[in-house]
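What follows is one structure encoded as structure tokens, with my remarks underneath.
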Amino acid sequence: MVLLIAIVALALVFDYTNGFHDSANAIATSVSTRALSPRTAVLMAAGFNLFGALVSSKVAGTVGKGIVDTSLVTLGLVLAALVGAVVWNLTTWYFALPSSSSQALFGGLIGAMLAAVGVSGVEWSGVIDKIILPMVLSPVIGFAAAWLLMTALIWIVHKRPLSPVNQTFRRLQPFSAAFMAYAHGGNDAQKTMGVITLALVSSGHLATFTIPLWVKLACAFTMAAGTYSGGWRIMHTLGSKVIKLDPIHGFAAETSAATVIQIATHFGFPVSTTHTITAAIMGVGTTRRLKAVRWGVARSIVFAWVLTLPAAALVAAAVYFVGHLIF
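Under my numbering, residues 4 to 330 are what the sequence shown spells out, in order.
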């Protein structure tokens, strides 16, 4: 029971770091274009993260089933997986890199299972279908959708004066930011719900993989609290270092990324909100010209993306080995 309580507590710590780590996903563009003040933006994002987290549970089911063999999952394995994810989240936050909390969690699960059982404990077809393909496709689709939407908006407003256009989209941006925050909560908070439920099943406290209401509420409120605490370092990277954004660009990036994430959530695919919104920002940037995007910063972000899954897996595997030796 003590170990289970520790796992639930650490899962909520991960959820909290996910909130402050990924709060930039929803509000960086709105803050950088001055459509919203930082504190108002964070408060709004926290509220819509909470709302989104309570709406669906399809993504949680995907996380809890189909990535590792649930019959082989132990509490020690789940604990190691969470440590790997939290350590990577804090590392990338320290260096202000918008990496994926989702990939960190999946990497932790896979690494801990490899350490505990070996390759037979990982459901590789599920890893490819539910992690790798969405990881690759979501930023590609986000980039393309943002480019198309931005191109359409430019065609609509190109004969109008710049100042009224910016004013109009500055007023619209709170709505696109709210949509992005809702989509983020609906996809990301469910991953922690899935891990806690997996621990409850493996400990015998649940007979089937059914997410209890208290788990939904705990994860939703914890992510909202993490979002409210900020995430200013990563917000600066997304909001201004990749490209200088005007309100019309922010609106297009948020709307297209949130739409992609919401569609993925509907079908139960756990995608990275970080990957999707960052690619969308790059997509709107290229409608100006290729040089408008600071590709050096983009390369650093992509490097963090690629490194996240194996790095979190290595940390989780090391934690499992050390814990196994000690206990």
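Think of the CB as a built atom: it goes at the ideal place given N, C-alpha and C, for glycine as much as any other residue. Given the structure is predicted, the values throughout are model-derived calculations rather than measurements.
Only counting the same chain, and skipping five residues up and downstream in sequence, which positions put a Cβ closer than 7 angstroms to that of Ala181? Working through the sequence shown from its first residue, we reach residue 181 at position 178. Correct list, in chain order: Met47, Phe51.
Do the CB positions of Ile214 and Val130 come within less than 8 angstroms of each other? Translated into the one-based positions of the sequence shown, residue 214 becomes position 211. Translated into the one-based positions of the sequence shown, residue 130 becomes position 127. No.
CB Ala221 to CB Leu78, shorter than 8 angstroms? Taking the sequence shown and counting its residues from 1, the one referred to as residue 221 is at position 218. Taking the sequence shown and counting its residues from 1, the one referred to as residue 78 is at position 75. Cβ distance not < 8 angstroms, so Ala221 and Leu78 don't count as in contact.
Local conformation of Leu310 per DSSP, three classes: Numbered from its first residue, the sequence shown carries residue 310 at position 307. Three-state DSSP puts Leu310 in a helix.
What is the DSSP secondary structure of Val11, reduced to helix, strand or coil? Residue 11 sits at position 8 when you count from the first residue of the sequence shown. Looking at Val11 - three-state DSSP - the assignment turns out to be helix.
Near Ile113, which residues of its chain fall below 6 angstroms by C-beta distance, leaving aside the five closest residues on each side in sequence? To locate residue 113, count along the sequence shown from 1; it is residue 110. Excluding positions up to five away in sequence, the list reads Val125, Ala316.
Spell out a yes or no on whether the region 138-154 and the region 285-292 are touching, meaning 3 or more CB-CB pairs, one atom from each, closer than 8 angstroms. yes
Roughly how many angstroms lie between the CA atoms of Val5 and His278, to the nearest whole one? Here residue 5 is taken as the residue at index 2 of the sequence shown, counted from 1. Here residue 278 is taken as the residue at index 275 of the sequence shown, counted from 1. Roughly 36 angstroms separates the two Cα atoms.
Alpha-carbon spacing of Leu13 relative to Ile266, whole angstroms: Here residue 13 corresponds to residue number 10 of the sequence shown, with the count starting at 1. Here residue 266 corresponds to residue number 263 of the sequence shown, with the count starting at 1. Computed Cα separation, rounded: 29 angstroms.
Less than 8 angstroms between the beta carbons of Lys194 and Leu136, yes or no? For the purposes of this step, residue 194 is taken as the residue at position 191 of the sequence shown. For the purposes of this step, residue 136 is taken as the residue at position 133 of the sequence shown. No, Cβ-Cβ distance for Lys194 and Leu136 is not below 8 angstroms.
In whole angstroms, what is the alpha-carbon distance linking Ile159 and Ser141? Here residue 159 is taken as the residue at index 156 of the sequence shown, counted from 1. Here residue 141 is taken as the residue at index 138 of the sequence shown, counted from 1. If I take the Cα positions, the gap works out to 27 angstroms.
Here's the rule: buried if 16 or more other CB atoms are within 10 angstroms of the residue's CB, otherwise exposed. What is Lys219? As a working mapping, residue 219 is identified with position 216 in the sequence shown. Buried.
Please state whether DSSP places Ser243 in a helix, a strand or coil. Working through the sequence shown from its first residue, we reach residue 243 at position 240. Because Ser243 carries a pLDDT of 47, less than 50, the predicted location of this residue cannot be relied on, and the following value inherits that uncertainty. Helix at Ser243.
According to DSSP, is Val274 helix, strand or coil? One-based indexing of the sequence shown puts residue 274 at position 271. In the structure shown, Val274 sits in coil (DSSP, three-state: anything other than H, G, I, E or B).
To the nearest whole angstrom, what separates the beta carbons of Val76 and Val318, a pair I think is in contact under 8 angstroms? Sequence index remark: in the sequence shown, residue 76 carries index 73 (1-based). Sequence index remark: in the sequence shown, residue 318 carries index 315 (1-based). Between Val318 and Val76 the Cβ distance is about 18 angstroms, and since that is not below 8 angstroms, they are no contact.
Coarse secondary structure for Val5, derived from DSSP in three states: The residue labelled residue 5 in the question sits at position 2 within the sequence shown. Three-state DSSP puts Val5 in a helix.
Proximity winner among Val89, Leu7, Pro167, relative to Ile251 (alpha-carbon distances): Translated into positions along the sequence shown, residue 251 becomes position 248. Nearest C-alpha to Ile251: Pro167.
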